[in-house]
DNA sequence: TATACATATGAACAGATAATCATATGTAAA
DNA sequence: TTTACATATGATTATCTGTTCATATGTATA
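Protein chains in written order, with this note's numbering: chain A, 3 to 126; chain B, 3 to 126.
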């Protein structure tokens with residue numbers, strides 16, 4: 003995608019834009035770069051799978067290891083591991099090793115905040 | 003919250019659960035129903051597409067009609083209309099008719115809040 | 001070292017989904 | 001009513017994505 007759409011409507015010979023043109027120009031100015039909006043969508047996409055949401059929610063209060071999660075949620079070890087990789091890549095979870103196990107937990111308060119906010123909308 | 007005995011993995015002959023079992027039980031108790039988590043994932047899924055995010059963001063301050071959006075974002079009318087339908091269904095946008103045009107806008111502050119929260123995470 | 005346990009990963013397949021195209025519906029003005 | 005404009009929608013297609021299966025890597029213990 004290389005199309006940059008900075009088609010800002012210039013004021014014409016009449017000397018002033020219409021109300022509507024002004025609004026459209028303001029929207030164009032305030033719109034973040036495509037790249038940022040792409041990243042934003044990618045972030046939400048990670049939250050947008052029920053398996054990953056279940057996994058995230060299970061870690062809401064406590065760190066858990068892969069087998070804990072798989073057991074709790076009735077998921078295969080492989081599936082959990084694949085999803086945790088995605089969550090790691092997106093910086094939504096962090097982890098630490100202890101012996102043979104690896105304990106995962108939510109990366110920061112942001113993650114909790116985003117989930118909570120979505121929860122409010124859903125529970126309406 | 004004091005140490006309460008719960009019913010899941012009730013203490014066995016030894017008289018008490020392990021620390022680990024207690025944690026796992028607590029997670030199980032606190033986990034919302036699958037149905038709710040499914041809806042939550044569905045909600046985030048809607049935010050999880052860059053076209054829809056662009057559309058939502060374009061309406062951050064002002065209502066816009068379909069053609070406005072298509073023009074602003076360089077998208078086909080059909081594509082915008084399809085996506086708006088999804089946004090309508092998810093209650094993320096509302097709309098009103100005025101003559102031949104239909105003006106769409108964000109449905110409530112929740113939507114703005116969720117986007118803003120995600121934005122913070124992305125901009126780190 | 002050999003074995004068992006815990007987690008990660010690659011490949012393949014099935015299901016989901018967004019864009020496009022063609023067309024339909026709805027609205028207003030001539 | 002005819003025409004033009006604005007939006008919606010169904011079908012098709014190409015792409016993306018999550019799960020599974022098999023296997024690999026990593027770690028501790030006998």
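Backbone N, C-alpha and C fix where the C-beta goes; we use that ideal spot for every residue, glycine too.
C-beta contact flag for residue i and residue j at 8 Å
i	j	result
residue 56/B	residue 75/B	yes
residue 94/B	residue 124/B	no
residue 65/A	residue 107/A	yes
residue 25/A	residue 54/A	no
residue 45/B	residue 117/B	no
Collapsed DSSP secondary structure at residue i in the structure displayed
i	result
residue 44/B	helix
residue 89/A	helix
residue 102/A	coil
residue 66/B	strand
residue 23/A	helix
residue 50/B	coil
residue 39/B	helix
residue 77/A	coil
residue 121/A	helix
residue 126/A	coil
residue 7/A	Since pLDDT at residue 7/A reaches only 42, below the 50 mark, its modelled position is unreliable, and the value read off the structure follows with that caveat. In this structure, residue 7/A counts as coil in the three-state DSSP scheme.
residue 32/B	helix
For residue j and residue i, the rounded distance between their alpha carbons
i	j	result
residue 120/B	residue 50/A	13 Å
residue 39/A	residue 62/B	13 Å
residue 34/B	residue 22/A	46 Å
residue 105/A	residue 27/A	49 Å
residue 115/A	residue 67/A	22 Å
residue 69/B	residue 32/A	18 Å
residue 43/B	residue 60/B	23 Å
residue 109/B	residue 102/A	48 Å
residue 77/B	residue 52/B	12 Å
residue 36/A	residue 84/B	20 Å
residue 126/B	residue 81/B	31 Å
residue 111/B	residue 97/B	15 Å
Short CB-CB distance (under 8 Å) between residue i and chain A
i	result
residue 35/B	no
residue 1/B	The requested residue 1/B is not part of the displayed model; chain B covers only 3 to 126.
residue 32/B	yes
residue 4/B	Because residue 4/B sits at a pLDDT of 38, beneath the cut-off of 50, its placement in the model cannot be relied upon, and the point is left open.
residue 11/B	Because the pLDDT at residue 11/B is just 39, under 50, the model does not fix this residue reliably, and the point stays unresolved.
residue 124/B	yes
residue 29/B	yes
residue 25/B	yes
residue 42/B	yes
Per DSSP, cross-strand counterpart(s) of residue i
i	result
residue 96/B	107/B
Neighbour flag for residue i against chain B, beta carbons, 8 Å
i	result
residue 47/A	yes
residue 50/A	yes
residue 100/A	no
residue 81/A	no
residue 60/A	yes
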